[in-house]
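Residue numbers (my numbering): 495 to 621.
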């Protein structure tokens, strides 16, 4: 991973017969550049620099067939200063993925390089 990557930890319960590594890779792909349909713009640019990468998978202690999948997302995937874009990209469509019985976002690390793109409230902090 890079210091500028957004890091997410997902609790993953794969469908029976789906290996943990495949489920983790599917979460990374589906929550970044993956799609179930053909998109005419796919051939215009390489998607490699935008892909989420599952860099580690650990079993959840005491839970059968549950894993924590750690996914790194490059900042190029996200619009600067947009919490909506970030969360839509990471959790927008992936929760209905058929290879998984259950999926939950457990943790998210947002690097300073991305935090600095947020301008804050337009009228200062109000109480």
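Glycine is no exception: its CB is placed at the ideal position from the N, C-alpha and C atoms.
Discussion item. Cutting at 8 Å between CB atoms, please list the residues of its own chain near residue 583, excluding the five before and the five after it.
Written reply: In the chain shown, residue 583 corresponds to position 89, counting from 1. Result list for residue 583: 525, 526, 567, 571 and 572, in chain order.
Worksheet item: Counting along the chain, where does the beta strand (DSSP E) carrying residue 561 start and finish?
Response: Within the chain shown, the letter at position 67 stands for residue 561. Membership of residue 561 in the beta strand (DSSP E) is indicated by the continuous run 561-567.
Worksheet item: From residue 520 to residue 593, what does the alpha carbon distance come to, in whole angstroms?
Response: For this step, residue 520 is matched to residue 26 along the chain shown. For this step, residue 593 is matched to residue 99 along the chain shown. Answer to the nearest angstrom: the Cα atoms are 8 Å apart.
Practice prompt. Taking the CB atoms as reference points, tell me whether residue 517 and residue 546 lie closer together than 8 Å.
Written response: Along the chain shown, read from residue 1 onward, the residue named residue 517 stands at position 23. Along the chain shown, read from residue 1 onward, the residue named residue 546 stands at position 52. No; because the gap between Cβ atoms is not below 8 Å, this pair is not in contact.
Item to complete: Determine the DSSP secondary structure at residue 522, reduced to helix, strand or coil.
Response: Counting from 1 along the chain shown, the entry for residue 522 is found at position 28. Three-state result, residue 522: helix.
Worksheet item: Expressed to the nearest angstrom, what Euclidean distance is found between the alpha-carbon atoms of residue 615 and residue 558?
Response: Here residue 615 corresponds to residue number 121 of the chain shown, with the count starting at 1. Here residue 558 corresponds to residue number 64 of the chain shown, with the count starting at 1. Each residue's Cα considered, the two are about 44 Å apart.
Item to complete: Under the assumption that residue 595 contacts residue 501 (Cβ atoms under 8 Å), give the Cβ distance between them as a whole number of angstroms.
Response: Translated into positions along the chain shown, residue 595 becomes position 101. Translated into positions along the chain shown, residue 501 becomes position 7. Incorrect: roughly 24 Å between the Cβ atoms, too far for contact.
Item to complete: Would you tell me roughly how many angstroms separate the C-alpha atoms of residue 612 and residue 498, rounded to the nearest one?
Response: Translated into positions along the chain shown, residue 612 becomes position 118. Translated into positions along the chain shown, residue 498 becomes position 4. Going from the Cα of residue 612 to the Cα of residue 498 covers about 15 Å.
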